[in-house]
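Inspection log for the structure reproduced underneath, given as structure tokens.
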């Protein structure tokens with residue numbers, strides 16, 4: 006079983022060879038659109054596969070009651086269920102990729118709904134599975150595992166299921182919960198409709214006469230405008246738009262949190278946080294240690310904000326000053342070809358095997374590269390189709406941020422390739438906890454490469470500033486999100502109502518504390534507190550904190566990578582290759598010696614932040 010498939014990552018190649026090898030698949034100034042025919046040849050093939058899967062789903066309940074007969078019966082049943090789950094993932098990903106290419110496509114939207122219904126039906130059809138495994142009991146399951154090597158692929162799933170005994174309900178209740186899954190997840194779909202389709206995004210005219218539309222992608226681009234008045238205009242207009250939907254988004258978020266609290270309570274967890282950490286086998290100390298270390302480091306963050314104000318020449322730093330680069334420098338365009346070439350060069354510390362996998366991806370048509378009308382905003386990698394390959398969605402704007410995102414998402418893709426190479430389908434899917442380390446370390450290696458190869462002090466300052474901004478956005482911002490997410494859930498758990506204005510109040514308080522509003526470090530306008538409604542990750546339960554732990558772990562590895570420690574490099578590759586064969590915390594601790602429950606784990610990222618600021622101040 007691979008239960009997280011749908012809910013959710015020596016010799017060196019020369020740059021010359023890389024550029025030559027990429028000249029055909031990735032051409033300068035050309036967009037790339039993924040080829041999905043390797044998944045299904047056409048819509049008709051998808052329809053046929055869907056019908057077959059529907060028929061197979063109806064047969065799964067017949068397996069109930071047979072799992073304990075013998076190890077062979079257990080193995081056969083799990084293989085059948087796993088094979089079907091793999092096909093359902095394939096069905097879902099195919100149509101989700103089409104839909105994300107153009108979310109105006111009504112047919113694709115309908116197929117998304119049918120895919121979700123199919124998966125809901127699948128979950129309902131196996132709702133008896135966990136209760137039956139628990140009824141068989143630890144001793145007999147362990148005896149089956151020891152006696153039958155065909156159960157090796159299911160070993161982790163079986164033991165994970167046994168671990169969940171206190172939180173698994175009887176078969177009938179599990180069936181009811183499975184039936185309710187679509188209704189309980191509806192808030193995420195409502196958010197996506199608002200954010201990507203329904204909100205009429207405003208158009209503004211910038212200081213030089215350029216008319217721009219402030220969609221989510223447009224906002225992400227123009228919030229970093231060099232002209233301060235333009236940045237204020239972008240912020241004011243964008244957040245005024247979101248504030249118009251404050252009540253509706255508040256109701257949507259409240260429904261999402263209530264659903265999460267319900268799920269935790271009905272499964273006998275002490276809290277939603279405990280429930281979500283339990284799923285990935287994460288010790289609660291990981292979360293608490295992160296929040297503790299980041300809050301203790303807010304003076305370091307404030308040092309960065311003060312440095313930002315100094316470099317921008319701004320005495321009264323405001324929230325709309327947070328995104329522009331610290332210096333203006335012409336780095337040239339980072340089109341796909343240049344992004345690929347630089348990424349290869351920056352990732353040389355990984356070695357030839359890693360780069361060969363990256364080349365395989367870029368030589369193929371695995372990517373949807375540039376913005377397009379109706380296309381989903383942001384970027385992601387989807388590696389859920391085990392028998393094909395990962396797919397990468399970008400909104401490449403040919404700037405440095407796009408280069409960084411390119412390296413990030415392809416880090417996820419290589420992670421999937423490594424995990425799938427080492428694992429059967431059942432354990433190839435990995436936790437977010439390690440997934441984001443695989444991508445974030447690529448960003449760090451890229452940053453150091455760009456700093457080292459800068460052509461001038463001004464360019465070096467640009468890349469140093471970008472690295473600092475990465476820490477701000479990933480460590481401090483995501484931890485702030487994590488605190489907000491926890492506060493939302495604790496409020497509902499305490500019986501407090503959540504509304505749009507209440508959520509803005511809660512978020513605004515955190516926003517001001519983190520950014521030193523009361524200390525005079527950076528001023529936060531009250532209307533910007535609507536930012537919570539903009540963040541899609543709040544609809545993925547306790548997901549965001551793992552971005553912060555990711556940059557922490559990535560910095561821990563990168564510090565040793567950059568010092569030339571090949572043993573640490575090899576241990577990191579083993580971490581990625583392990584996939585989901587164990588809990589992520591265990592893999593990191595056992596394969597690499599990184600324990601994220603300790604304060605020491607957070608020291609390298611804070612040292613890196615200090616080093617970056619020291620290097621900047623030495624150049625000023």
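Residue numbers (our numbering): 6 to 625.
The beta-carbon is built from N, C-alpha and C at its ideal position, and this holds for glycine as well.
Asked                                                                                                                                                                                                      : Found
Go to residue 489, then tell me how far its alpha helix (DSSP H) extends in each direction, as first and last residue.                                                                                     : 482–498
If you drop the 5 nearest sequence neighbours on each side, which residues of the same chain put their C-beta closer than 6 angstroms to that of residue 228?                                              : 239, 328
If you measure between the beta carbons of residue 479 and residue 552, is that distance less than 8 angstroms?                                                                                            : yes
Just the C-alpha distance for residue 3 and residue 620, rounded to the nearest angstrom, thanks.                                                                                                          : Outside the shown range of the chain (6 to 625) lies residue 3, about which nothing can therefore be said.
Please list, in chain order, all residues of the same chain as residue 51 whose beta carbon is under 8 angstroms from its beta carbon, the five residues on each side excluded.                            : 45, 96, 99, 100, 116
My assumption, with CB atoms under 8 angstroms, is that residue 332 sits in contact with residue 316. Please give the rounded CB distance.                                                                 : 7 angstroms
Using 8 angstroms as the threshold, is the C-beta distance between residue 468 and residue 452 below it?                                                                                                   : yes
Is residue 294 buried or exposed, if buried means 16 or more other CB atoms sit within 10 Å of its CB?                                                                                                     : buried
For my contact list, residue 92 and residue 54 are in at a C-beta cut-off of 8 angstroms; report their separation, rounded to the angstrom.                                                                : 7 angstroms
Does the segment 410–426 come into contact with the segment 369–387, if we say contact requires no fewer than three beta-carbon pairs (one atom in each stretch) closer than 8 angstroms?                  : yes
Identify, in the order they occur along the chain, each residue of the same chain with its Cβ nearer than 6 angstroms to the Cβ of residue 486, setting aside the five sequence neighbours on each side.   : 549
Round the Cβ separation of residue 156 and residue 149 to the nearest angstrom and send it over; I've been treating them as touching at under 8 angstroms.                                                 : 6 angstroms
With a 10 Å radius around its C-beta and 16 neighbouring C-beta atoms as the bar for buried, classify residue 521 as buried or exposed.                                                                    : buried
Who are the Cβ neighbours of residue 201 in its own chain at under 8 angstroms, not counting the five residues just before and after it?                                                                   : 108, 221, 381, 382
For residue 400, name the three-state secondary structure that DSSP assigns.                                                                                                                               : coil
What is the DSSP secondary structure of residue 504, reduced to helix, strand or coil?                                                                                                                     : coil
Please go through the same chain and pick out, in chain order, the residues whose beta-carbon is closer than 7 angstroms to the beta-carbon of residue 339, but skip the five residues on each side of it. : 403, 404, 405, 407, 408
Starting from residue 387, trace the beta strand (DSSP E) both ways and give me its first and last residue.                                                                                                : 385–387
Please state whether DSSP places residue 439 in a helix, a strand or coil.                                                                                                                                 : helix
Figure out for me which residue from 356, 392, 457, 154 has the closest Cα to the Cα of residue 76.                                                                                                        : 154
Could I get the ranges of all uninterrupted alpha helix (DSSP H) runs contained in the segment 293–325, with 4 residues as the minimum, in chain order?                                                    : 303–317
Among 189, 602, 262, which has the Cα closest to the Cα of residue 543?                                                                                                                                    : 262
For chain D, check one thing: does any of its Cβ atoms lie closer than 8 angstroms to the Cβ of residue 194?                                                                                               : No chain D appears in this structure, which consists of one protein chain only.
In chain order, what are the residue ranges of uninterrupted alpha helix (DSSP H) at least 4 long that sit wholly in the segment 61–114?                                                                   : 76–106
In this structure, how does DSSP classify residue 373 when only helix, strand and coil are distinguished?                                                                                                  : strand
Is residue 209 helix, strand or coil when you go by DSSP?                                                                                                                                                  : strand
With DSSP as the reference, please indicate the residues paired to residue 528 in a beta bridge.                                                                                                           : 323
Any idea what DSSP makes of residue 333, helix, strand or coil?                                                                                                                                            : coil
Just the Cα atoms here: how many angstroms apart are residue 401 and residue 170?                                                                                                                          : 46 angstroms
Just to confirm my understanding: we take residue 609, look at its own chain, exclude 5 residues before and 5 after, and list those with CB closer than 6 angstroms. What are they?                        : 560, 561, 564
For residue 219, I'd like the list of residues in its chain whose CB is within less than 8 angstroms of its CB, leaving aside the five on either flank, ordered along the chain.                           : 206, 207, 208, 209, 227, 239, 242, 243, 246
Going by other Cβ atoms of all chains shown within 10 Å of its Cβ, with 16 needed for buried, is residue 361 buried or exposed?                                                                            : exposed
Measure the Cβ-Cβ separation of residue 182 and residue 264 and say whether it is below 8 angstroms.                                                                                                       : no
Does the Cβ of residue 304 have 16 or more other Cβ atoms within 10 Å, making it buried, or fewer, making it exposed?                                                                                      : exposed
Residues bridged to residue 216 by DSSP?                                                                                                                                                                   : 210
List in chain order: all unbroken alpha helix (DSSP H) runs of 4+ residues lying wholly within the segment 119–202.                                                                                        : 134–141, 143–152, 160–168, 176–184, 186–189, 191–198
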